[in-house]
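In my numbering, the protein residues as written are 239 to 338.
Positions of the beta carbon are idealized from the N, C-alpha and C atoms, including for glycine.
Notes to accompany the following structure.
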Amino acid sequence: MLTAILSRAVPSVWVESAGVVHWPSEELYFINVIPTHGDYWVRFKMRYPHYRRIALEYGAKDVDVACPVFPTLRQLLDWLIVTLDLSQGERALLHLWARM
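If you want it as structure tokens, here you go:
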């Protein structure tokens, strides 16, 4: 689900897979994009320049890295949903996917 959403969000970058990374020692969450994590997020930020403002509104701990880093999975997903202006159906599916 996440891979499909991110592929559509930045169609100029190949996304083989995407997944949420959780660093338990610091309680941080971000999205890792394979195979070109850095390139993907550079292009994402160019396409969605409002990403930073929304990330800060949703409590991002760091926005000066490839993918903004959040203290909870919910905040990370909500940021992505708002930034990409996902439909209600996509929002529901993304939250269901996260519970798996």
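Start and end residues, alpha helix (DSSP H) containing residue i
i	result
L331	Q326 to R337
Residues near residue i by beta carbon distance below 6 Å, same chain, minus five either side
i	result
V259	F268 and N270
P273	E254
Residue i, enclosing beta strand (DSSP E) - first and last residue
i	result
S250	From DSSP, S250 is part of no beta strand (DSSP E); its letter is neither H nor E.
Close Cβ partners of residue i (< 8 Å) along its chain, the five nearest in sequence each way excluded
i	result
P309	E265, L266, Y267, G297 and K299
Neighbourhood of residue i by C-beta distance below 7 Å, restricted to the same chain and skipping five residues each side
i	result
L331	M239
Y278	V248, V251, V253 and V271
Open item on the list: Runs of 4 residues minimum, wholly inside the stretch 280-321: which ones carry the alpha helix (DSSP H) assignment?
Closed with: 289-295
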